[in-house]
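As structure tokens, the structure follows; a few thoughts come after it.
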């Protein structure tokens with residue numbers, strides 16, 4: 001039937017072209033043949049994934065027929081079904097052929113010039129439909145401005161009561177949303193919500209199409225939520241659920257409502273941190289994929305939406321993650337897309353993210369390397385004007401920097417230049433600007449960790465402050481990610497500069513996040529940061545509530561993180577060290593036992609020889625030594641010495657070398673080596689490192705005070721080995737400065753006092769100086785008064801105090817002084833743990 005009808009239509013069109021006789025085109029036989037041919041081509045287009053040569057030829061025949069009809073009778077243009085269907089088929093054919101008949105939009109606009117045409121708005125709207133289909137099916141961004149102008153004109157001229165007005169407004173909203181998302185222009189997305197809402201309000205409630213418009217409104221609200229915060233996402237879920245409940249299974253696009261609900265739930269879940277929303281989002285997207293035929297032009301977008309939902313859900317719940325499905329969704333979208341599809345680079349970008357996520361979860365270096373290569377492919381295809389170009393460049397820079405770290409290489413300055421270029425290519429009005437700034441800040445933070453470059457840290461802080469401000473300007477008052485990132489950098493600043501206000505601000509930023517989310521909804525990284533903030537605050541205040549809050553946050557982070565978490569060893573070690581901070585004040589043996597067990601698990605988590613194991617082993621040796629001095633078990637002493645020996649055999653990695661000078665781990669290890677072996681060269685090196693460290697740290701820096709105490713202890717040890725009085729004088733000077741700079745509630749004050757008192761006693765024994773003895777006695781008395789009864793170092797402090805009192809009694813012959821010394825020594829013996837010998841007065845470890 002198709003070939004016969006085609007012959008009739010072609011003959012009529014040819015006779016008209018030759019004679020100009022309008023009657024030829026009004027022949028009922030030709031009119032009926034054209035109608036049958038139109039139905040046939042429409043049927044074929046709906047059933048075929050790609051149109052063949054015959055279908056394209058039939059379309060050409062129909063287009064020629066319709067153009068001829070429009071010439072002889074303006075009323076022919078009123079046949080909207082003809083205009084719409086022919087235009088749609090022609091543009092879909094063009095999509096298959098990889099070309100765009102741009103003259104179609106001009107033809108549609110020419111309808112405005114037809115005399116007495118009352119429904120020009122409908123014609124314009126109908127002409128925009130197929131153009132929009134092309135944009136959706138092959139992702140042609142450069143057609144958007146023309147398409148938007150055409151649809152705006154249609155919305156202007158279609159009257160408020162005309163049946164075509166609601167779908168016209170809904171499509172205008174869709175085009176605005178596409179424009180905003182593809183080009184990163186938030187104002188278009190905000191405007192799209194208003195038009196989509198008007199479309200739903202204008203469509204009668206009994207019309208089935210209203211449910212599709214409700215789904216479109218939900219999609220626009222979801223897109224707006226990225227700029228405006230959680231409220232639009234909440235409303236989007238409501239509209240999308242109503243669409244899912246009302247849309248008929250046999251409607252032209254039943255997948256639309258499920259896709260819209262999946263996206264709305266995903267956005268709401270990202271704001272609230274609720275995994276139930278993310279799990280349902282994945283389920284809704286799976287339903288949308290199942291309802292979408294393989295040849296449907298929107299299938300690629302729906303598959304990509306499923307992949308995005310899996311990316312987020314997998315990150316929140318690693319235990320139940322389906323990483324393979326995420327990678328597969330993006331890959332299918334890419335593999336089935338027509339050649340030249342404009343969204344393929346975006347899908348490749350997201351496939352790279354999915355590969356990187358899977359690689360991090362499984363430890364697969366191959367996946368992470370494949371992610372970098374896939375991202376490079378995507379960046380080679382995408383136009384720099386598209387927002388994803390900046391996002392991809394930033395991620396590529398970050399991943400490449402991490403690859404350098406894994407290989408033990410220094411950071412690549414070009415990576416920071418790339419990330420900076422990505423940020424500069426992103427307008428500040430772009431709603432993704434905060435993320436670009438965070439990406440660059442992360443690279444700068446990494447440079448600081450490798451090199452100790454304070455300027456990089458300062459720039460990172462400035463970028464994150466701008467990111468937080470911009471995010472709030474865009475409507476996200478909480479700005480959860482930006483707050484957490486800024487808090488992380490502020491804690492780094494505290495570590496680098498000793499600014500107390502940095503700690504206070506970090507605590508406030510994280511408290512705002514914790515107060516805003518539902519109980520139990522904090523992420524692992526946020527909990528880890530909260531622990532770090534309160535731990536730093538405890539160093540400043542000594543308040544028991546602060547260390548308790550730090551321990552609780554670290555415990556929650558450890559419980560929430562998967563056992564395969566690559567940061568698990570670090571989390572175990574950090575929790576152990578924080579528990580020991582409390583133990584030094586309260587002396588609870590359960591804290592000491594738990595800290596040693598956690599530290600041992602941290603060491604065992606990493607393979608032998610791993611550069612990160614070096615610090616863990618040194619910390620473990622310190623804790624075992626602490627337990628030996630309080631419990632007396634020789635096995636602890638042997639195990640601690642073995643841990644220190646293993647640590648000293650692991651070389652520094654490039655990642656830790658830059659900040660090693662800002663910690664006492666290296667000199668402590670060298671001192672421990674000297675105590676174990678008597679190798680004076682190790683002690684000399686420790687003293688040199690500490691002196692260099694102090695030269696680079698300003699007074700008031702959190703590590704400055706500890707380094708002073710450690711230097712005093714090391715100098716006092718060298719004095720004992722060499723008898724050099726200059727070493728002893730220096731030990732007294734820096735030891736006293738360390739105690740003066742340590743607050744009365746600081747958890748390490750007792751250890752620093754004991755270090756200083758060891759030097760005091762050595763000076764008194766060699767010189768008999770009464771003034772230094774009196775100063776030491778006053779300091780010991782004050783320390784005893786402020787130290788809790790259960791503190792583990794109380795017995796040693798009492799023993800030192802008693803020794804100083806006894807020396808004064810011998811000097812003065814005062815019987816009361818002898819009585820005081822005996823009483824304090826008895827208290828020291830009483831404070832000694834059962835099974836332990838009486839405490840020696842002077843410390844055998846650094847503070």
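Residue numbers (UniProt numbering): 1 to 847.
Glycine included, C-beta positions come from ideal geometry on N, C-alpha and C.
Computed from a predicted structure; not experimentally measured.
Look at residue 688 here: in three-state DSSP terms it is helix.
For residue 824 and residue 787, the gap between their C-alpha atoms comes out near 14 Å. Using a Cβ-Cβ distance cut-off of 8 Å, the stretch 486-493 and the stretch 523-533 are in contact, since at least three pairs of beta carbons, one from each stretch, lie closer than that value. Pairing residue 198 with residue 263, the inter-Cα distance amounts to about 21 Å. Ranking 472, 481, 534 by CA distance to the CA of residue 491 puts 534 first. Taking 9 Å as the cut-off, the beta carbon of residue 448 is found no closer than this to the beta carbon of residue 440. If you check the CB distance, residue 212 and residue 169 do not come in under 9 Å. Selection 630, 365, 372, 358 evaluated against residue 349 yields 372 as nearest (Cα-Cα). DSSP, reduced to helix, strand and coil, places residue 274 outside both helices and strands of the structure shown, so it counts as coil. Going by DSSP, residue 230 is part of the alpha helix (DSSP H) stretching over 230-246.
Here the stretch 586-594 does not lie against the stretch 553-567, with fewer than 3 beta-carbon pairs under 8 Å apart. Residue state for residue 720 is assigned as helix, using DSSP reduced to three classes. For residue 532, the enclosing alpha helix (DSSP H) stretches over residues 524-541. Residue state for residue 427 is assigned as coil, using DSSP reduced to three classes. Three or more Cβ pairs drawn from the stretch 740-759 and the stretch 790-808 lie within less than 8 Å of each other, which places the two stretches in contact. Distance from the CA of residue 519 to the CA of residue 273, rounded to the nearest whole angstrom, comes to 10 Å. One thing to note: residue 730 has its Cβ within 9 Å of the Cβ of residue 711.
In this structure, 277 is the residue among 343, 185, 277 with its C-alpha nearest to the C-alpha of residue 314. Here the stretch 324-332 lies against the stretch 350-368, with 3 or more beta-carbon pairs under 8 Å apart. Residue 177 carries a helical assignment under DSSP once its states are collapsed to helix, strand and coil. Contact between residue 428 and residue 470 holds: CB atoms are separated by about 7 Å, below the 8 Å threshold.
Per the coordinates, the alpha-carbon of residue 395 lies some 33 Å from the alpha-carbon of residue 537.
The beta carbon of residue 477 lies closer than 8 Å to those of 229 in the same chain, with the five residues before and after it left out.
Listed in chain order, the non-local C-beta contacts of residue 453 below 7 Å within the same chain comprise 447, local neighbours out to five positions each way being set aside.
Runs of the beta strand (DSSP E) lying entirely within the stretch 288-373 and spanning at least 3 residues: none are present. With respect to the 9 Å criterion, residue 571 and residue 554 are classified as neighbours on the basis of their beta carbons. Collapsing the DSSP output to three states places residue 211 in a helix.
Around the C-beta of residue 542, 16 or more other C-beta atoms lie within 10 Å, and the residue is accordingly described as buried. Contact check for residue 816 and residue 805: beta-carbon distance about 10 Å, past the 8 Å limit, so the pair fails to qualify. Inter-residue distance for residue 796 and residue 750 is about 10 Å (C-alpha atoms, whole angstroms). For residue 196, the secondary structure class from DSSP, reduced to helix, strand or coil, is helix.
A Cβ-Cβ distance of about 7 Å is found for the pair residue 724 and residue 718, placing them in contact under the 8 Å criterion. Cβ neighbours of residue 493 within its own chain (closer than 7 Å, five residues either side excluded): 457, 461, 499, 502. Annotation: the continuous alpha helix (DSSP H) that includes residue 552 extends over 544-560.
Assignment of residue 162 by DSSP, reduced to helix, strand and coil, places it in the coil class. A residue is called buried when at least 16 other Cβ atoms come within 10 angstroms of its Cβ; residue 343 meets this threshold and is buried.
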